[in-house]
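So the sequence shown is residues -21 to -1, 1 to 492, counted in mature numbering (1 follows the signal peptide of the UniProt record, and there is no 0).
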Amino acid sequence: MQLQKFLKAAIALVGVAWLTAALVSSCKQPKEKKQGISHGQELAEQYCASCHKYVPPSALDSATWKRGVLPNMASRLGIRVWGQDEYFQPNPGDHPLLKFEDWMDIVKFYLHTAPKKMDTSRLPQPFVSDWAVFKLQVPAVKDTALEATTCMLGWDSASGHLYVASEETSSLNVYEPGGKLLHTFQTHSPVVHYSQFRDPGTDTVQRLFTTIGQMIATDEARGEQLRFNPEKDADPDYNIVAAFQPRPVFTVAGDFNKDKLTDYVVCGFGHEQGALLLMRQTPDRKFNIDTIKAIPGAIQAQTGDFNKDGWLDVMVLFAHAQEGISVFYNNQHGGFTEKRLLDFLPVWGSSSFQYTDVDHDGLPDIVYTCGDNGDYSNVLKPFHGVYIFLNKGDMKFEQRWFFPIHGCYKAVAADFDGDGDVDIATIAFFADHINRPEEEMVYFEQDKSMQFIPHAIPVHNMGRWICMEVADYDHDGDPDIFLGNMSKGLLENGVTPSWNRHIPFIVLENRTR
């Protein structure tokens, strides 16, 4: 009997102790959790911002942070990762950049404060589905066994021919505007950019083609600049201006030191390594190569005398980690001084820009797109689209207009309808192919000052548009549009290609005149 009383008392005491411990634990856990999240935010701002602009959790949904971005961040910080979201203590000899416990606080901060889902469905106004001022022209395709992998379009204003590059075959094809194939050249790797300029020394039209080396992300430096004339040269090896460059994607020409010799600024996008390069020509027609900025991600450049001092400057868009737009002022001594104009988050996927006067106030503005989604956060993003940043003077810019377009890849501003104001044409390679495929090609007609009508041009079944060239191909005084079809590529889950996979390009002929 005494034993039974003792056991009952003991059980009661154990129950009370367990309940007390549980209550203490339950009160303690939220506090510890809150402290971990707060600590994680401090650490994220410290460590993440040391490499790029700090990205708040709200920029992506929690699943994308968990399975895509955070594991990649962990490996860069020396944290061991297994699978997509399992982290392990360092082994002897490992040298992570932060403590394991600190990393787990960063993970806790992002996963507990990021939204479960992002709203990507809202549009400021509905699309108008029509052809607007355009008429479709489709070139004849002879070989339907070959899939279109167009990676570059270039218009030769001197010859009136269109250059079309293929990624899969590393070929450069010369077309008449109507679609007749004239010549095909083989290059060492895919051509990704074409520029045409007048050489100051010879006063002749010159053509420059940039090959990337490797389309896939790698630090293997195999890119080249080819200076040749497809209209008369039989071999693109006629003049390899430079080789072994870090995945160059864009090249601009100019006489940056006033010696009447053409120099080049090269956007060496690279991967983990890359650089913005200056190729300075010497009197013996060779080149000295200097680094303007030693970071990867330079994707597009535009030249001009931006500070009106009589010397040629260059404006550059950087994607990758340190996304943004900078102007590099010519220091008149063979180098450049950088001024940062705009900064963007490293998840934006910067894809193009154009420096042009949109509001006709005499100050050139910036038309900018973001939408590259071939990375660790391949989800639809509400901030993808086309932006206008107005120039407020002294090269200071403020966002004035934005229209969301998933996966927006390029914008070209021009007066397409001939009414005197600036319109905008956009393409979207990473469009929402399930719910909003019509956003692949949009023509924004400016009908009132800074107000645009979004015409969804119905060409999403004709191809998947990765490049766009604007030129007056029929010489009637209004700009026409060429669209290049990269029929392959990364797709979101559940998407089956429904577009034409063989046509390399189409023409949107402007019927304004």
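Where a beta carbon is used, it is the ideal one built from N, C-alpha and C, also for glycine.
Predicted model only: the values in this text are computed from it and were never measured.
In the DSSP assignment, His91 falls within the unbroken alpha helix (DSSP H) covering 79 to 92. The count of Cβ pairs closer than 8 Å, one atom from the region 322 to 337 and one from the region 55 to 63, stays below three, leaving the stretches out of contact.
Counting other Cβ atoms within 10 Å of its Cβ, Phe409 reaches 16 or more and is therefore classed as buried.
Ala28: not part of any beta strand (DSSP E); DSSP gives it neither H nor E.
Taking a cut-off of 8 Å for Cβ pairs, the region 114 to 132 and the region 460 to 468 touch, as three or more such pairs fall below it.
Sequence-distant Cβ neighbours of Asp98 in its own chain, meaning closer than 7 Å and more than five residues away, are Pro361. Cβ contact annotation for Pro275 (same chain, cutoff 7 Å, sequence separation greater than five): Phe248, Gly249, His250, Glu251, Gln252, Gly253, His299, in chain order. In terms of Cα proximity to Gly19, the closest of Asp84, Gly47, Tyr33 is Asp84. Of the other Cβ atoms in all chains shown, fewer than 16 fall within 10 Å of the Cβ of Met429; this residue is therefore exposed.
For the 9 Å CB-CB criterion, His481 and His439 do not form a contact. According to DSSP, residue pairing for His162 in a beta bridge involves Val153. Under the DSSP assignment, Met420 falls in the beta strand (DSSP E) whose first and last residues are 420 to 427.
When the beta-carbon positions are compared, Glu424 and Ile436 stay at least 9 Å from each other. Distance from the CA atom of Asp394 to the CA atom of Val112, rounded to whole angstroms, is 11 Å.
Lys389 counts as buried, since no fewer than 16 other beta carbons sit within 10 angstroms of its beta carbon. If you check the CB distance, Ala127 and Ser145 come in under 9 Å. Judged by DSSP secondary structure, Pro50 falls within the alpha helix (DSSP H) whose first and last residues are 49 to 55. Between Val143 and the set Asp73, Phe223, Pro169, the nearest pair of CA atoms involves Pro169. Under DSSP, the beta-bridge partners assigned to Phe376 are Asn370.
Going by DSSP, Trp134 is part of the beta strand (DSSP E) stretching over 129 to 135. Under the three-pair Cβ rule at 8 Å, the region 343 to 351 does not count as touching the region 51 to 60. Secondary structure of Arg177 (DSSP, three-state): strand. Around the beta carbon of Gln281, 16 or more other beta carbons sit within 10 angstroms, so the residue counts as buried.
Per DSSP, reduced to three states, the secondary structure at Ala410 is coil, with no helix or strand assignment. Counting the other Cβ atoms within 10 Å of the Cβ of Arg492 gives fewer than 16, which makes it exposed. In this structure, the alpha-carbon of Asp81 lies about 21 Å from that of Ser37. When rounded, the separation of the alpha-carbon atoms in Lys95 and Asn236 is 54 Å. Look at the beta carbons and you see the region 155 to 162 not touching the region 227 to 247: under three pairs across the two are nearer than 8 Å. With a cutoff of 9 Å on beta-carbon distance, Arg177 and Thr197 are scored as not near each other.
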